[in-house]
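Worksheet: the structure to be examined is printed underneath.
There are 6 protein chains.
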Amino acid sequence: MDVLVNGVVCKDPMLAQASDFFFPGLDMPRNTNNRVGSNVTAVNVVQIPGLNTLGISMARIDFAPYGLNPPHTHPRGTEMIVVQEGTLLVGFVTSNLANGENRLISKVLNKGDVFVFPIGLIHFQFNVGQTNAVAIAALASQNPGVITIANAVFGSNLPISDDVLAKAFQLDKKVVDFLQAQFGPKN
Amino acid sequence: MDVLVNGVVCKDPMLAQASDFFFPGLDMPRNTNNRVGSNVTAVNVVQIPGLNTLGISMARIDFAPYGLNPPHTHPRGTEMIVVQEGTLLVGFVTSNLANGENRLISKVLNKGDVFVFPIGLIHFQFNVGQTNAVAIAALASQNPGVITIANAVFGSNLPISDDVLAKAFQLDKKVVDFLQAQFGPKN
Amino acid sequence: MDVLVNGVVCKDPMLAQASDFFFPGLDMPRNTNNRVGSNVTAVNVVQIPGLNTLGISMARIDFAPYGLNPPHTHPRGTEMIVVQEGTLLVGFVTSNLANGENRLISKVLNKGDVFVFPIGLIHFQFNVGQTNAVAIAALASQNPGVITIANAVFGSNLPISDDVLAKAFQLDKKVVDFLQAQFGPKN
Amino acid sequence: MDVLVNGVVCKDPMLAQASDFFFPGLDMPRNTNNRVGSNVTAVNVVQIPGLNTLGISMARIDFAPYGLNPPHTHPRGTEMIVVQEGTLLVGFVTSNLANGENRLISKVLNKGDVFVFPIGLIHFQFNVGQTNAVAIAALASQNPGVITIANAVFGSNLPISDDVLAKAFQLDKKVVDFLQAQFGPKN
Amino acid sequence: MDVLVNGVVCKDPMLAQASDFFFPGLDMPRNTNNRVGSNVTAVNVVQIPGLNTLGISMARIDFAPYGLNPPHTHPRGTEMIVVQEGTLLVGFVTSNLANGENRLISKVLNKGDVFVFPIGLIHFQFNVGQTNAVAIAALASQNPGVITIANAVFGSNLPISDDVLAKAFQLDKKVVDFLQAQFGPKN
Amino acid sequence: MDVLVNGVVCKDPMLAQASDFFFPGLDMPRNTNNRVGSNVTAVNVVQIPGLNTLGISMARIDFAPYGLNPPHTHPRGTEMIVVQEGTLLVGFVTSNLANGENRLISKVLNKGDVFVFPIGLIHFQFNVGQTNAVAIAALASQNPGVITIANAVFGSNLPISDDVLAKAFQLDKKVVDFLQAQFGPKN
């Protein structure tokens, strides 16, 4: 009988099969016809049950021209990418430093370039070229999680109070309401 | 001779003193006369060197009336608070769920109430009362880090490209520029 | 369906509620009318199921005048306290050092003072004032455990052989028997 | 050049030698002519520098007839023993259980018997035979630490206040003073 | 009711018994009448359920004269042995070093000698004496695993392609086939 | 001043630069003109110092037609690959199972296929096509290490005794000597 470890099935090694460690088709371009012009195909413990307890996962990221993988964090693991096609402007922002700054560490990457986004830090990848771009990502968790900043802050269900958001972002409540309308659960 | 562990001094136990494990004055109200009306006094391995390797720290959070500890994350540890005075609206937002939502888990806390903000998730505390409020926080890291979302996204040094931010937040570049002016390094 | 992680329920994030991360009433004084004159109110994964996997918990410690939180250890986590009221003599004893000593690291704490008790070390808190005292504790485990030395050594069920205890503590067996009568399971 | 990891030398693998992973003479009986009639020979990272980062150590424990390895804890690792010679009464006491008990888990071990003492719990080994006894121990840390309860509680330097000890152990201060004289730093 | 942790039963401490932490008979010589002339008696979480979560196990290794515990790895933990009887040639090989070498760290051990085999490295123990030999091993995992190199490479079920093995070991396929016949699942 | 963590430089975040998180040129084919017809380009903490403490690395693996990445283990981390070009026969062998078997988990992978090689297990990748093949690997350690089985067993410096190898692999010593000549340090 299968047991659960981390809430996920852990198969008897007598019964494990190659298909438990396999996922196909990461070479296929994904549809980037959406608001931000990007699409992340995750290959983690949900897709490959054999990753359970192993602390790693991968992803393919497709970008339309000027497509953006918007500012987000992975709460449970560092990300490392290699560019397969295209030209990406990438960056991460440090946590609050002793001098009060948040430093942006940023670079334009071309095909074959590798870059690291340390665990928990806000980062983005932006296709600055006129052609599609593709990156392959490695993530240091079987289930790294993702928090898209705009969606979590302005689109949560239920919404965060606009008193909180107006003060936090020094915005007029109308702008907050506009942002909440953009990112809210019905969008 | 002292050695470094985690890049921080690790004292010979023959020489350790009570002062290496001590920090005074967490009962003193802090100045909340700033833009958000709150002030966090951290008591971590920087203030108490004896915390090195021990995986915990504390903080005092002061709130003016309607003061806000704005949306932020701790990349290296869960936070847990107990309210000492006042009434706080608190909440955290889940990471992106399978159905595409980011759920807000939120509650109004009164004196003596305890609440948990899981590691890496965006959270806030807002004083909804007309008097000062105070919370004591425990954090599951000797050096949990903090990323204030508005500052990291709109105030980084150097700034994130306004192309990125305009697309990510679906904002006009003028609004992005306004936000960057509010949170930029010179502010 | 809920799954167990660490033997404790781990809720689907689609179903988690604020009440899973909440515990009220830590401002209420507890009854210290007992032999040692102290009372520990734990707020850990038993009280707050949402703490599961998060590595932290809190407690409130009440002391009558001259009340004592007697020598004990937490086998799974460091403790850090802040004094809310009163004056406490606190201390911990190092593990056996290379020179054969066990050093006492001790301090008198007043309101607002913070002190650290490293994982696994024997420590105590003693109200040296004529009024009640209160401390708020943070502990670096969702389930830190506690071993009260006198109870574990002299009050275990079944009792440790008095040959062992007499030799270990260099005591006459009559004194051992007296101690076992004091701390034994029926007391 | 050697670097320090965990405050201990970490040798370049190009330069490591068999002697860095070796310790001789664990077959030799040790002198048990002392107050408790036992002697622990530790083989940890202090004796074998190559154990650094590897999470394990061993020890030899010699017992005179009726010799005792008195109640103690290892704050950083579980212990597991195999009896080489003689007959030992061994036991450990659980941490405080939900019903207020501390259960003693105890057994008489003969040659070849294996027993486990979980991390952080108070335990002892007592030679109940008329001949010498020997055990080989494995410990789940390169530096497990040891806290001998009687010494840490009654023999610390400086001493714990006798107000604390008298109340904690429900003893007359004269008995506390006697115990402190037995275990104090000068003894 | 018992719960599973790591896929293994985790007993309620109210119900734990000494037998959950006990294994007898590690003093009894084992049968070494096999191809390699050695026999490993593991004492891990399978034999002692109370080892669950505790990160340690032990083993007894018997060697006939010129018996060999052949090259193998423990993927989940460092091993440390003490020789009980006889004379063993032991060694481990480093992982691939920067200069392309794999260094052999090797030593002849006599009774009472202790040696360390770091996690994941290929190692062996060979009885170079004319009498039986015995070692007691400590392993830094409740379930360290073992991979016998010859069996895993040449005896897997199904077999690794002889194209792979011939090229990897620079062997004629006939020699590969001979080796696979020796170690194959039917042997 | 820079400090060392894990024996590797840990830069002050005030001074970190994009180049500390960057490595170029992973799109460039590598020279596979060697005995096994493959070439691994590692991108770990040696190439990218900013990976220190982050628990991940990547690699590019080039294969000539019928090129082989021969059986090896990574002692410190799971590997996950995605095929960029060509057709690979890949597999790993389980550790010794309860029934004495070592199971081969194997699959032919085409472009875009992903496969997992769990930590510490012996695995290989073999180009079964007539064209070059390329894979991108993610590894769950900043410094996963690699042990090439044939080199570690038959090519160590100094050599493992041919008594040991002959018995372990059930080979004539002449075959062992031939293998040692093939893989020995001078080759």
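Chain order of the listed sequences is A, B, C, D, E and F.
Residue numbers for the first sequence follow the numbering used here, so the first one is 460 and each next one is one higher.
Residue numbers for the second sequence follow the numbering used here, so the first one is 460 and each next one is one higher.
Residue numbers for the third sequence follow the numbering used here, so the first one is 460 and each next one is one higher.
Residue numbers for the fourth sequence follow the numbering used here, so the first one is 460 and each next one is one higher.
Residue numbers for the fifth sequence follow the numbering used here, so the first one is 460 and each next one is one higher.
Residue numbers for the sixth sequence follow the numbering used here, so the first one is 460 and each next one is one higher.
The C-beta atom is built at its ideal place from N, Cα and C for all residues, glycine as well.
Just so we're clear, the structure is a prediction, and the values are computed from it rather than from any experiment.
Within chain B, the residues that residue i reaches when beta carbons sit closer than 7 Å
i, result
"P483(C)", "G571, D572"
"A599(C)", "L513, G514, I515, A599"
"G545(C)", "Per Cβ cutoff of 7 Å: no residues; G545(C) is ~12 Å from chain B at best."
"V541(C)", "L485, M517, I595"
"V623(A)", "L527, F583, F585"
Beta strand (DSSP E) segment containing residue i, residue limits
i, result
"N498(D)", "497-502"
"N558(D)", "Run containing N558(D): none; DSSP gives neither H nor E here."
"V634(E)", "It is not in any beta strand (DSSP E) - V634(E) instead sits in the alpha helix (DSSP H) that spans 632-642."
"L527(B)", "527-532"
"F426(B)", "This structure gives no information on residue 426(B), because the portion of chain B shown stretches from 460 to 646."
"V623(F)", "Not the beta strand (DSSP E): V623(F) falls in the alpha helix (DSSP H), residues 621-628."
Counterpart residues of residue i in DSSP-defined beta bridges
i, result
"M473(F)", "Looking at the DSSP assignment, M473(F) forms no beta bridge with any residue, so it has no partner."
"E544(B)", "V593(B)"
"I564(A)", "F551(A)"
"R519(C)", "T500(C), I595(C)"
"D482(F)", "Per the sequence presented here, residue 482(F) reads as Phe, with Asp not at that position. Partner(s): V573(A)."
"V462(E)", "C469(E)"
"M539(C)", "V575(C), A597(C)"
"N616(D)", "R562(C)"
Within chain D, the residues that residue i reaches when beta carbons sit closer than 8 Å
i, result
"N465(F)", "V464"
"L556(E)", "P472, M473"
Beta-carbon gap between residue i and residue j smaller than 8 Å
i, j, result
"V593(E)", "R519(E)", "yes"
"A597(D)", "M517(E)", "yes"
"S615(D)", "N561(C)", "yes"
"I581(C)", "T532(C)", "yes"
"G509(C)", "V495(B)", "no"
"V623(B)", "F583(A)", "yes"
"I564(B)", "V612(A)", "no"
"K626(F)", "P618(E)", "no"
"V573(D)", "L485(E)", "yes"
"T546(A)", "V587(A)", "yes"
"F642(D)", "L638(C)", "no"
"I595(F)", "V541(F)", "yes"
"I515(A)", "F480(A)", "no"
"N610(B)", "D521(B)", "no"
Contacts of residue i in chain C (Cβ-Cβ under 7 Å)
i, result
"A477(B)", "I564, S565, K566"
Interface flag, residue i vs chain I, CB-CB below 8 Å
i, result
"Q641(F)", "Structure shown: chain I not included; protein chains present are A, B, C, D, E and F."
Chain-ordered chain C contacts of residue i [CB-CB under 8 Å]
i, result
"T553(B)", "P472, A475"
Residue i: first and last residue of the uninterrupted alpha helix (DSSP H) it sits in
i, result
"I581(C)", "Segment 581-586 is the beta strand (DSSP E) holding I581(C); no alpha helix (DSSP H) there."
"I507(F)", "From DSSP, I507(F) is part of no alpha helix (DSSP H); its letter is neither H nor E."
"N610(D)", "608-613"
Proximal chain A residues relative to residue i, where beta-carbon distance stays under 9 Å
i, result
"T532(B)", "T532, P534, S554, G579, I581, I606"
Amino acids of chain F, ordered along the chain, whose beta-carbon sits closer than 8 Å to that of residue i
i, result
"V495(E)", "K626, A627"
Proximal chain F residues relative to residue i, where beta-carbon distance stays under 7 Å
i, result
"F480(A)", "I564, F574, V575"
Partners in chain A for residue i, counting only beta-carbon separations shorter than 7 Å
i, result
"L510(F)", "V575"
Any non-hydrogen atom of the ligand PLP within 7 Å of residue i CB
i, result
"H531(D)", "With respect to the ligand PLP, the structure offers nothing, as it holds no ligand at all."
Chain-ordered neighbours of residue i on chain D, where CB pairs are closer than 7 Å
i, result
"I520(E)", "Those do not exist, as I520(E) stays about 13 Å from chain D at its closest Cβ, beyond 7 Å."
Problem - At least three beta-carbon pairs within less than 8 Å, the segment 469-480 of chain D to the segment 560-572 of chain D - result: no
Exercise for the section: Evaluate the contact criterion for the segment 490-497 of chain D versus the segment 541-551 of chain D: three or more CB pairs, one atom per stretch, below 8 Å. Expected result: no
Handout entry: Segment contact flag, the segment 496-511 of chain F with the segment 599-610 of chain F, C-beta cutoff 8 Å, min 3 pairs
Key = yes
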